[in-house]
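A.B. asks: Residues in the sequence shown are numbered consecutively from 1, following UniProt numbering. Yeah, the Cβ is synthetic: ideal placement off N, Cα and C, and Gly gets one too.
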Amino acid sequence: MPRHYAIGNGTMLINLDRFTRIRDLYYPYVGQLNHVGGYPCRIGIWVDGAFVWLSDEGWRWSPGYVPDSLVTRVIAEHDGLGIALEINDGVHQRDNIYLKRIRVANKAEGEREIRLFFTQDFAINETEVGDTAAYYPHNRTVFHYKKNRYFMANGQSGGEGISQYSMGVKRFHLAEGTWRDAEDGQLGGNSIAQGSVDSTIGFRMLLGAGASDYCYYWLSIGDSLEEAKRLDRYVQDNDPGKLLDRIQVYWQRWSNKLDRDYADLPVPVVSMFKQSLLLVRTQTDARGAIIAANDTDIMNYNRDHYSYMWPRDGALIAYAMSMAGYHETVVPFYLFCADALTSDGYLHHKYNPDGTVGSSWHPFVVGGQAQLPIQEDETALVLFSLWQLYRQSGNIELCQSLYGSLIRKAAKFMRTYMDPELNLPKPSYDLWEERYGIYTFTASAVYGGLTAAANFCGLFGDKERSERYAKVAESVKCGILEHLWDEDSGRFARGLFRQDGAWVKDMTPESSVYGIFEFGVLPADEARVVSTMRCLREQLTVRTGVGGIARYKNDYYFQRSQDIERIPGNPWIICTLWMAEWEIECAKSPDDLAGPRQTLEWVTRRALETGVLPEQLDPFDGGPLSVAPLTWSHATYVLTVVKYLNKARELAGRGI
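(1) Among the residues of its own chain, which have a CB less than 8 Å from the CB of Y39, if the five just before and after it don't count?
(2) Locate the beta strand (DSSP E) running through Y145, then write down its first and last residues.
(3) In whole angstroms, give me the CA-to-CA distance for G210 and K107.
(4) Taking 8 Å as the cut-off, does the stretch 630–637 touch the stretch 282–300 (at least 3 CB pairs, one atom from each stretch)?
(5) Return yes when the Cβ of F519 is within less than 9 Å of the Cβ of A607, no when it is not.
(6) What runs of the alpha helix (DSSP H), each 4 residues or longer, lie entirely inside the stretch 414–486?
(7) Who are the near neighbours of G222 in its chain, counting only those whose CB is closer than 7 Å to its CB and skipping five residues on each side?
(8) What distance in whole Å lies between the Cβ atoms of G449 and A524, which are believed to be in contact at a cut-off of 8 Å?
(9) Hey, would you say residue 657 sits closer than 9 Å to D89, going by beta carbons?
(10) Along the chain, where does the beta strand (DSSP E) that runs through W53 open and close?
(11) Which class does W578 belong to by DSSP, given the choice of helix, strand or coil?
(12) Please return the same chain residues whose Cβ sits closer than 6 Å to the Cβ of E585, not counting the five positions on each side in sequence.
(13) Please state if the CB of M12 and the CB of R91 are separated by a distance shorter than 9 Å.
(14) Determine the extent of the alpha helix (DSSP H) in which A320 is found, giving its start and end residues.
(15) Among the residues of its own chain, which have a CB less than 7 Å from the CB of R312, if the five just before and after it don't count?
(16) Which runs of the alpha helix (DSSP H) spanning at least 4 residues fall entirely within the stretch 497–528, listed in chain order?
(17) If I measure Cβ to Cβ from G479 and keep anything under 6 Å in the same chain, skipping five residues before and after, which residues do I get?
(18) How many angstroms separate the CA atom of G611 from the CA atom of M533?
(19) Leaving out five residues on either side along the sequence, give the residues of the same chain with a beta carbon under 8 Å from the beta carbon of L645.
(20) Using CA atoms only, rank isn't needed, just tell me which of A193, T508 and G49 is closest to A182.
(21) Would I549 and M507 qualify as a contact pair, given that the criterion is a beta-carbon distance under 9 Å?
(22) Could you check how far apart the C-beta atoms of L278 and L577 are, in whole angstroms? I think they sit under 8 Å.
(23) Determine whether the beta carbon atoms of P2 and P614 lie at a separation below 9 Å.
(24) With distances taken Cα to Cα, identify the nearest neighbour of P63 among C41, R18, Y319 and H35.
(25) Between Q562, T541 and A648, which has its C-alpha nearest K588's C-alpha?
(26) Quick one, which of D239, V142, Q275 and P596 has its alpha-carbon nearest S255's?
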């Protein structure tokens with residue numbers, strides 16, 4: 001299921017599997033539309049009459065990225081063929097061009113002819129109906145198109161371009177696709193096909209004993225044939241190898257733009273921090289949508305996906321990136337939210353990358369009673385994270401531009417969407433999107449959002465509104481302490497739910513209660529917070545060799561065991577890091593940072609070999625479950641590292 005590599009530039013995202021095959025290609029938005037849809041764009045090699053696909057048995061793989069970059073560096077060796085490959089992939093940082101470089105080394109004695117084959121398996125605009133694939137003799141390329149989407153494939157090897165090609169029907173009647181035609185080392189040369197189609201192109205090289213040479217492959221993507229041709233010409237004029245090198249340099253400069261003191265963090269943790277920054281960047285659309293995940297294999301389990309902008313995920317990811325000093329990356333997110341905000345001042349469940357409202361399972365009516373189908377924390381956290389951006393960047397112009405369109409409208413909604421008897425927000429769905437009620441996480445987020453609104457009003461001299469929002473925030477805090485603290489158990493409840501006409505506490509151990517300190521309701525070292533977090537650590541730790549923290553007790557999502565006392569749920573990356581964040585904020589000496597540092601090392605070990613973090617882990621073997629990469633996982637890693645470094649600097653400054 002996981003995608004081992006993600007590369008992109010904000011208008012195009014490509015996911016590669018462990019064999020470096022394209023599995024998802026999103027354009028013109030990150031997360032919308034997927035023109036491949038999970039099918040592999042295969043890569044094959046023919047040597048001395050023998051043919052293998054890169055996904056076949058017999059290859060030894062050394063995966064990874066070039067350090068601190070969005071260029072892959074993958075080694076594949078095949079003893080049976082006597083061939084070694086070094087593979088680099090990248091997406092141009094500005095233009096919609098995908099480049100692949102394969103250095104082929106002949107490990108055998110004597111000269112050999114080697115042929116490489118690349119298949120283009122597109123479903124343009126997310127359907128295979130009505131595609132066309134054709135050979136274009138004017139520049140000796142192959143291109144696929146439908147409506148205003150053009151994908152032009154080209155390459156070179158040994159100073160020559162495409163040596164073979166073929167277009168054909170795929171996955172229709174008995175036709176599998178032209179990739180089958182490649183397996184004898186010779187393509188049929190059919191020059192056009194329409195409908196459900198694929199194409200394959202081939203390149204050849206002659207290599208002496210012990211010699212090596214490069215094969216380049218690239219895709220140029222545009223809204224017209226002329227645009228695709230222009231980009232293809234650009235690659236040829238500038239040399240594909242040099243372009244890949246420039247892509248590498250750009251992202252290395254980007255990921256190292258700030259001079260940081262990483263204190264005592266181990267090298268693998270520092271590398272993972274930079275890789276997480278980069279992977280968050282790949283999932284962030286240039287027009288503002290920060291996408292939860294873009295691994296379409298989840299559709300094998302759900303007839304939907306994660307390629308949406310959840311305002312909560314986006315807000316917390318933007319918060320992490322702001323804290324890390326990447327304010328400019330997330331500025332468009334707040335403009336997106338301002339445009340998406342309803343006239344009543346709330347944000348919907350989730351959004352498509354183009355700004356339209358996404359699919360939802362939250363009803364408008366239950367038991368004959370109308371209700372808002374929202375998760376109120378999603379509205380609140382946008383204001384909370386915007387205030388954090390201002391504190392870090394001082395970007396007062398951005399905040400002023402959003403004052404009327406976002407800040408005041410959202411704050412007014414939160415101020416009025418209140419239960420006056422409880423002094424808590426009215427019911428909405430929880431952050432896990434499963435339950436309707438009043439939740440500690442949501443109430444804490446609303447406190448943080450209203451406090452941010454009060455701060456913004458004060459910043460802009462709007463004293464009366466500032467006092468009004470601060471007063472409501474304080475009343476929410478009082479409501480949390482009165483109704484969501486449970487004295488008997490010595491911890492905060494997950495929330496309140498309605499039963500027989502009365503509000504009842506839900507005392508399920510729940511990791512998201514960390515919001516009490518994260519959003520400023522109480523300090524992390526306040527006695528009730530300490531008691532709560534210690535209890536959650538005891539109740540939610542996964543007691544297998546894998547370890548980690550579950551979302552909540554008896555979590556059903558991808559559940560692997562009914563032994564709830566030992567395995568309360570699968571370990572989630574974000575929930576495990578929330579516990580580390582609490583430990584960091586409570587630290588009084590450098591020794592107190594040992595636990596959080598070990599957690600960061602644990603997360604680093606649990607990543608895929610390429611540094612990709614999933615949503616959750618199998619509690620028995622530690623393998624990835626659900627989607628990977630999950631943007632929220634990487635952003636939470638970034639935030640935890642930043643908090644660790646800030647605390648280490650604070651303790652050092654105090655001479656402790």
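C.D. replies: According to the structure shown:
(1) The residue labelled residue 39 in the question sits at position 39 within the sequence shown. Excluding sequence neighbours, Y39 sits near R23, D121 and A123.
(2) Position 145 of the sequence shown, counted from the start, is the residue given in the question as residue 145. Its beta strand (DSSP E) spans residues T141 to K146.
(3) As a first step, residue 210 must be located in the sequence shown, where it is residue number 210. As a first step, residue 107 must be located in the sequence shown, where it is residue number 107. G210 and K107: Cα-Cα distance of roughly 5 Å.
(4) yes
(5) Position 607 of the sequence shown, counting from 1, holds the residue named residue 607. Position 519 of the sequence shown, counting from 1, holds the residue named residue 519. No, Cβ-Cβ distance for A607 and F519 is not below 9 Å.
(6) 440–459 and 463–483
(7) Here residue 222 is taken as the residue at index 222 of the sequence shown, counted from 1. Correct list, in chain order: N96, Y150, A228 and L231.
(8) Here residue 524 refers to the residue found at position 524 of the sequence shown. Here residue 449 refers to the residue found at position 449 of the sequence shown. No, A524 and G449 are not in contact; Cβ-Cβ is about 19 Å, not under 8 Å.
(9) No statement about residue 657 is possible, as the shown extent of the chain runs from 1 to 656 and does not include it.
(10) What you label residue 53 is simply residue 53 of the sequence shown in a count that begins at 1. That run of the beta strand (DSSP E) goes A50 to W53.
(11) Sequence index remark: in the sequence shown, residue 578 carries index 578 (1-based). W578: helix per DSSP, three-state reduction.
(12) For this step, residue 585 is matched to residue 585 along the sequence shown. Within the same chain, E585 has close Cβ partners A524.
(13) As a working note, residue 91 is residue 91 in the sequence shown. As a working note, residue 12 is residue 12 in the sequence shown. Strictly speaking, residue 91 in this sequence is Val, with Arg absent from that position. Yes, Cβ-Cβ distance for V91 and M12 is below 9 Å.
(14) Numbered from its first residue, the sequence shown carries residue 320 at position 320. P311 to M323 is the span of the alpha helix (DSSP H), which, as asked, contains A320.
(15) In the sequence shown, counting from the first residue as 1, residue 312 sits at position 312. For R312, where only same-chain residues beyond five positions count, the Cβ hits under 7 Å are Q375, D377, E378, L381 and L431.
(16) As summarised for the stretch 497–528, the continuous alpha helix (DSSP H) elements at least 4 residues long and confined to that stretch are 515–518, given in chain order.
(17) Here residue 479 refers to the residue found at position 479 when the sequence shown is read from its first residue. These residues qualify, in order along the chain: L422, N423 and L424.
(18) Residue numbering aside, residue 611 sits at position 611 when the sequence shown is read from its first letter. Residue numbering aside, residue 533 sits at position 533 when the sequence shown is read from its first letter. Spanning the two alpha carbons is a distance of roughly 29 Å.
(19) To locate residue 645, count along the sequence shown from 1; it is residue 645. The residues are R260, D261, Y262, A263 and L265.
(20) If you number the sequence shown from 1, residue 182 lands on position 182. Nearest option by C-alpha distance: G49.
(21) Counted from its first residue, the sequence shown places residue 549 at position 549. Counted from its first residue, the sequence shown places residue 507 at position 507. Inclusion of I549 and M507 in the CB contact set at 9 Å is not warranted, their separation being larger than that value.
(22) The count along the sequence shown starts at 1 and reaches residue 278 at position 278. The count along the sequence shown starts at 1 and reaches residue 577 at position 577. The pair is not a contact, with the Cβ atoms about 18 Å apart (cut-off 8 Å).
(23) By 1-based counting over the sequence shown, the position of residue 2 is 2. By 1-based counting over the sequence shown, the position of residue 614 is 614. Cβ atoms of P2 and P614: closer than 9 Å.
(24) On the sequence shown, residue 63 is found 63 positions in, with the first residue counted as 1. For P63, the nearest C-alpha among the options comes from R18.
(25) As a working mapping, residue 588 is identified with position 588 in the sequence shown. Comparing Cα-Cα distances from K588 to each of Q562, T541 and A648, the minimum goes to A648.
(26) One-based indexing of the sequence shown puts residue 255 at position 255. Out of D239, V142, Q275 and P596, Q275 has the C-alpha closest to the C-alpha of S255.
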